[in-house]
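Read the structure below first, then the notes.
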């Protein structure tokens, strides 16, 4: 589990496709902090996607990226030199500084507009209808692995605000209009919907 509090900005190194370009990929990320205590099998979130460490070398770690992840996230658009948000899994004794983040991306959105403020930026993003249904004003959302608070929700878009720390410490500071973002909604919303959908209809008196 993650919290959406990015620990460092990593840089994508080599990307290989052992079984061909239509199959899985192995991606190497230069991230000295994450690599400092990583071991094989660890989970590390890269741009909000939970990935498994398969190799650690110096200040870099390598992860497997399954075809499902390439199809359903923006990881397929990464190239050597791309900057990515990196977060290690939260230890059991750690603080939940953001919100519960699984690293299971629900969909890909795009930046529609960016309005710079005195010290912060207001962003408007589009999202698929199947994702937007779970987004609530003042609720939590994860964009490229960053835990944020939703400022508004419209028919096809929603908004977030980025404080100076977020602008400086994550890749969202570089996000340009039209860029893709990985979106993970609050998992609690999905469980609530599932539970409500499974409710038994109230019994009606036949008399």
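In full-length UniProt numbering, the protein residues as written are 1 to 207.
Ideal Cβ placement from N, Cα and C applies to all residues, glycine included.
All figures in this text were calculated on a predicted structure; none of them were measured in a lab.
Same chain only: Cβ atoms within 7 Å of residue 207, ignoring 5 sequence neighbours per side: Position 207 of the chain shown, counting from 1, holds the residue named residue 207. Confidence in residue 207 is poor, its pLDDT being 45 and thus under 50, which makes the residue's placement unreliable; the coordinate value appears in the next sentence. Cβ neighbours of residue 207 beyond the five flanking positions: none.
Residue from 119, 185, 108 and 75 with nearest C-alpha to residue 133: Start at 1 with the first residue of the chain shown, and residue 133 comes out as number 133. Check the Cα spacing between residue 133 and each of 119, 185, 108 and 75: the tightest is with 185.
If you reduce the DSSP assignment to three classes, tell me which class residue 13 lands in. Along the chain shown, one-based indexing puts residue 13 at 13. If DSSP states are grouped into helix, strand and coil, residue 13 belongs with the strands.
Where does residue 86 sit, in a helix, a strand or coil, going by DSSP? Along the chain shown, read from residue 1 onward, the residue named residue 86 stands at position 86. It is a strand residue.
Which residues bound the alpha helix (DSSP H) around residue 130? Position 130 of the chain shown holds residue 130. Its alpha helix (DSSP H) spans residues 129-132.
Bridge-paired residues (DSSP) for residue 125: Here the question's residue 125 lines up with position 125 in the chain shown. 111 and 158, per the DSSP bridge assignment.
Just the C-alpha distance for residue 16 and residue 168, rounded to the nearest angstrom, thanks. Here the question's residue 16 lines up with position 16 in the chain shown. Here the question's residue 168 lines up with position 168 in the chain shown. Taking the straight line joining both Cα atoms gives about 30 Å.
Using the Cα positions of residue 63 and residue 165, report the straight-line distance between them to the nearest angstrom. The sequence position of residue 63 within the chain shown is 63, counting from 1. The sequence position of residue 165 within the chain shown is 165, counting from 1. Taking the straight line from one Cα to the other gives about 27 Å.
Nearest neighbour of residue 119, chosen from 191, 173 and 187 [CA to CA]: Taking the chain shown and counting its residues from 1, one reaches residue 119 at position 119. Considering only alpha carbons, the answer is 173.
Could you check what DSSP says for residue 188 in three-state terms: helix, strand or coil? Position 188 of the chain shown, counted from the first residue, corresponds to residue 188. The three-state reading of DSSP puts residue 188 in helix, counting H, G and I together.
What's the gap between the Cα of residue 4 and the Cα of residue 161? Here the question's residue 4 lines up with position 4 in the chain shown. Here the question's residue 161 lines up with position 161 in the chain shown. Taking the straight line joining both Cα atoms gives about 15 Å.
Taking one C-beta from the region 114-129 and one from the region 20-37 each time, how about it: are there three or more such pairs within less than 8 Å? In this structure the region 114-129 does not lie against the region 20-37, because fewer than three pairs of beta carbons, one per stretch, are closer than 8 Å.
Please classify residue 166: does DSSP put it in a helix, a strand, or coil? One-based indexing of the chain shown puts residue 166 at position 166. Note: residue 166 maps to helix in three-state DSSP.
Helix, strand or coil: how does DSSP classify residue 91 here? Position 91 of the chain shown, counted from the first residue, corresponds to residue 91. Coil at residue 91, not helix or strand.
Is the beta carbon of residue 13 less than 8 Å from the beta carbon of residue 48? If you number the chain shown from 1, residue 13 lands on position 13. If you number the chain shown from 1, residue 48 lands on position 48. The answer is no: Cβ separation not under 8 Å.
When 123, 100, 55 and 23 are compared against residue 180, the one with the closest alpha-carbon: What you label residue 180 is simply residue 180 of the chain shown in a count that begins at 1. Residue 180 has its Cα closest to that of 123, out of 123, 100, 55 and 23.
Is residue 73 helix, strand or coil by DSSP? The residue labelled residue 73 in the question sits at position 73 within the chain shown. Three-state DSSP puts residue 73 in coil, outside helix and strand.
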